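Chemist: There's a structure below that I have some questions on.
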Amino acid sequence: MRKWFTFIVVFSSIYSFSQTLPLPARNPQALNGSQIVAKLTPLSLTAREDTIFNEIKNGNIPDFLRTLVPVYDTVMVSGTTYYVTYFVTPDYMALGCDSDYFLCPMTPLLAQKIADYMGFSLPTRKMSDIIWKNATVKMSPQTIPPSSQMTTVPVFAKHDSMVWAQRQTFFPQHPLGELVAGDKKDVIISNHIYGNPAPGRVVIYGWHYQNGTPIQPLYYGHEETYADYSHGIRLIQNELLVNGCMKTVQEILTSSTLNSLLSDEGSIATPRYPVTPPNIATPTAWGVFSNGINQIVLKVKYDSTVWGYNVALSNDGKCFSIPQHRQGNNILFSVPTSDSLYYFKIAAISNNGGVSPYSEVLSANIGNSSPEYIIVNGFDRNTGANTYDYVIQHGTALHRIGRTFHSITNEAWQMQLVNINDYDAVDFILGEESSVNETFSNTEQQLFAQIQVPYFVSGSEIGWDLDHLGSSSDKDFYYQYLFANYVEDAPNNQASTYYNGIVSIPSLVNMPFTFDNGTHGTYNVRYPDVVSAISPAYNWGYYSAFPNKSLGTYIMHKMVYMAVPFECIYPASTRDSLMFWIDYILLGNTSNSYQYMEHNTILFPIPAYDNIIIKNNFFEIMHIEIFNLLGEKVYSYMPFNNFNGEVLLNVSNLPSGIYLMKISNKDISIVKRFSISK
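Right, here's the structure in full:
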């Protein structure tokens, strides 16, 4: 049993949040719009844009700009309807306070720098049109006659005053913070940013009349250092929703199939202006833990360069919510439903601006009782097919057999973010990790030697890496902890050929299974190692075509090693059945309480015919499940409050044969073997 740790936490309800600009609160002593105009007027372009950037970075923007507004669109692509929601600033970027702000033109280079700083994007032409359609405040464009002064701050300020005078006519029915359009042209993302003669270009569009017609068609005749009074900077949060699932602006715009959700120019290969983006490291050392009823804790290794995290949540590990901004290294979420799985991925927000790519996916479940597993995800290799979310298959199987689980990255294990001996068993995900990324590094081998709880390890190239190519210490580790010898790189040394196996434990289970050839939702297991067991281990099973070629090893109550990645076994029902047997090998009867319950639980008559009685006067039986020898669940029963020392089960619908009965109370599960004879 794990020993839970105490956290100083940031607490959040998982669903109650709005999308906001990730900027500090405005200092009440910061300059207002009029003062900003006076400060910017005498400055050179470079000094002016440096000043604008610093003011925004320090949070000197009006409060009404901070809460983003959702924009909705519906698009048909190849017969499929897509519902798109993205989150935008309610007006163009401004400096100052609500009562005195300055809509601030800037070059596209500064606009991109600001967008990068916050993890945002600029709009496309299509998005500009859709934003106008969604706007509740549709202003009438106001122009100033062209002149050489239209790129100066005094003309910027003059136009700003004209816009403000018109904006006031919409009060009080449409207060600040509602979505505004028609007051500026948009600086947009376009394919026309690139491919023109030097110098680089700014692309502008929009400034819609109240009938929806833009004054400005798409235009890229100005160079990238140009900004005049009519230019506005609308920021778009990078994360958006497509049919309720999180995507990014960049992901959609570069897609060959979905670009039309945001673009009327086709795909945009480089959806940004030529500014070097911040290089923020993806979080690697972190974990997800269930912490009592309806609570999940994210624990992240402290990093002094990180301001906070974008945290995205999912109920299935694939369809994620729009992220929440959270600070701290121990983040507590209140989740709405017990008996559920929750998946997370995170991106780091830097102290100096910029947002990292999203991490791998981790998970924990709520509602199950002891024993508890800790999943360690060590599949970091970029294979081209790695989706970095195989905690889905492992966690779901553990959840379905009634186990509690938590998960961490292998980097978190290396840095000892938690003590895995505080849990009842460990599940190591190694996938196709091999010699390039190392299946078990020297550091991990040293930590592995300290493990005092049963462990399950699966991965297709562990033997290849540690035994075939490994150092003497690698080989010793493989022999001493996985109790195996490497034999072949694939069954019969034929890659991408054999995809069937059998888990075979004499007098217990003989279970066939199939694993993925790349067409069943995970990845092609091209090189599943052939191994042989080293005493005291036994062979875990074999490849169906070769009964003498083992696919893993096991020792009762200590370890299971599979040379087939567990996540690649399909269908899910087979994975669940296999996890049941793995759990039985690891935790089947290790505790004194287990032995006491085992000794005092009696099944009769044996063999059974129509009925079987379970008798136990010492433990309250809460759940009974019956499995055939393929690991398939064929019966389930919950006595609830009617338990009086005996349970009568009607098994008349089950055919003759040998079965396993899993009998559980709130703390312990035992397995009894019995037979039915008709």
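If you count the sequence shown from 1, position 45 lands on 73 in our numbering, and the numbers rise without skipping. All C-beta atoms, glycine included, are put in the ideal place defined by N, C-alpha and C. A quick note: this is a predicted structure, and the numbers were derived from the prediction, not measured.
Bridge partners for ASN274 per DSSP, in chain order?
Modeler: This sequence places Met at residue 274; Asn is not what is there. Answer by DSSP bridge pairing, in chain order: LEU269.
Chemist: Which class does GLN473 belong to by DSSP, given the choice of helix, strand or coil?
Modeler: helix
Chemist: Does DSSP put ILE103 in a helix, a strand or coil?
Modeler: Reading off the sequence shown, one finds Val at residue 103, where the question assumed Ile. In this structure, VAL103 counts as strand in the three-state DSSP scheme.
Chemist: Among the candidates GLU460, ILE640, GLU674 and ALA477, whose CA atom is the shortest distance from the CA of ARG701?
Modeler: Out of GLU460, ILE640, GLU674 and ALA477, ILE640 has the C-alpha closest to the C-alpha of ARG701.
Chemist: Under the three-state reduction of DSSP, which class applies to SER601: helix, strand or coil?
Modeler: Three-state result, SER601: helix.
Chemist: In three-state terms, what does DSSP make of GLU626?
Modeler: Correct three-state label for GLU626: helix.
Chemist: Output the distance between the C-alpha atoms of THR618 and HIS585, rounded to the nearest integer angstrom.
Modeler: Note that THR618 has pLDDT 46, beneath the 50 cutoff, so the model's placement of it is unreliable and no number is given.
Chemist: Does SER378 pass the burial test, meaning 16 or more other C-beta atoms within 10 Å, or should it be called exposed?
Modeler: buried
Chemist: Tell me the rounded alpha-carbon separation between ASP493 and PRO575.
Modeler: Rounded to whole angstroms, ASP493 and PRO575 show a C-alpha spacing of 24 angstroms.
Chemist: Tell me the start and end of each unbroken alpha helix (DSSP H) in the region 230 to 301 that is at least 4 residues and wholly inside, in chain order.
Modeler: 277 to 281
Chemist: Roughly how many whole angstroms lie between the Cα atoms of THR547 and CYS596?
Modeler: It is roughly 10 angstroms from the alpha-carbon of THR547 to the alpha-carbon of CYS596.
Chemist: Within 10 angstroms of the Cβ of LEU676, are there 16 or more other Cβ atoms? Answer buried if so, exposed if not.
Modeler: Exposed.
Chemist: Confirm, please, whether the CB-CB distance from VAL588 to GLY491 is below 7 angstroms.
Modeler: No; because the gap between Cβ atoms is not below 7 angstroms, this pair is not in contact.
Chemist: Applying the 10 Å Cβ sphere with the 16-neighbour rule, what's the burial state of SER44?
Modeler: Note that SER44 scores 44 on pLDDT, short of 50, meaning its location in the model is unreliable and no value can be drawn from it.
Chemist: Per DSSP, what kind of secondary structure is VAL112 in: helix, strand or coil?
Modeler: strand
Chemist: So, are the CB atoms of ASP188 and LEU131 less than 7 angstroms apart?
Modeler: Yes, they are a contact pair.
Chemist: Nearest-angstrom Cα distance between ALA75 and ILE243?
Modeler: Rounded to the nearest angstrom, the two C-alpha atoms are 31 angstroms apart.
Chemist: Per DSSP, which one or two residues make a beta bridge with GLN480?
Modeler: Its beta-bridge partners do not exist; DSSP assigns none.
Chemist: I'd like to know whether the C-beta atoms of GLY87 and LEU51 end up nearer to each other than 7 angstroms.
Modeler: Closer than 7 angstroms, so yes.
Chemist: Contact defined as beta carbons within less than 8 angstroms: I believe VAL14 pairs with LEU268. What is the distance between those atoms, to the nearest angstrom?
Modeler: Residue 14 falls outside the range modelled here, since the chain spans only 29 to 706, and no answer is possible.
Chemist: In terms of residue numbering, what span does the alpha helix (DSSP H) encompassing ILE696 cover?
Modeler: Counting along the chain, ILE696 falls outside any alpha helix (DSSP H), and DSSP gives it neither H nor E.
Chemist: Determine the burial state of TYR111: buried for a count of at least 16 other Cβ atoms within 10 Å of its Cβ, exposed for fewer.
Modeler: exposed
Chemist: How far does the beta strand (DSSP E) with PHE433 in it extend, from its first residue to its last?
Modeler: That run of the beta strand (DSSP E) goes 432 to 437.
Chemist: Buried or exposed for ASN224, going by 16 or more other Cβ atoms inside 10 Å?
Modeler: exposed
Chemist: My guess is that ALA143 and ILE89 are in contact by the Cβ rule of under 8 angstroms, so how many angstroms apart are they, rounded?
Modeler: Rounded, the Cβ-Cβ distance is 14 angstroms, inconsistent with contact.
Chemist: Would GLY234 and TYR129 qualify as a contact pair, given that the criterion is a beta-carbon distance under 7 angstroms?
Modeler: Contact: no.
Chemist: Below 7 angstroms between beta carbons: does that hold for ALA376 and TYR337?
Modeler: yes
Chemist: Would a C-beta distance cut-off of 7 angstroms place ILE698 and ILE691 closer than the cut-off?
Modeler: yes
Chemist: Just verifying my parser: in three-state terms, what is the DSSP assignment at PHE92?
Modeler: helix
Chemist: Got a sec, what are the start and stop residues for the beta strand (DSSP E) LYS346 sits in?
Modeler: Taken as a continuous stretch (DSSP letters only), LYS346 belongs to no beta strand (DSSP E), as it is neither H nor E.
Chemist: For MET607, count neighbouring Cβ atoms within 10 angstroms of its own Cβ and tell me buried if that reaches 16, exposed if not.
Modeler: buried
Chemist: Since I believe PHE148 is in contact with ASN266 (beta carbons under 8 angstroms), could you give me their beta-carbon distance rounded to a whole number of angstroms?
Modeler: 6 angstroms
Chemist: What runs of the alpha helix (DSSP H), each 4 residues or longer, lie entirely inside the region 511 to 595?
Modeler: none
Chemist: What does DSSP give as the partner residues of ASP214 in its beta bridges?
Modeler: TYR233 and GLY260
Chemist: What are the residues that DSSP puts in a beta bridge with LYS661?
Modeler: PHE655
Chemist: Buried or exposed: which applies to MET146, given that a residue is buried once 16 or more other Cβ atoms fall within 10 Å of its Cβ?
Modeler: buried
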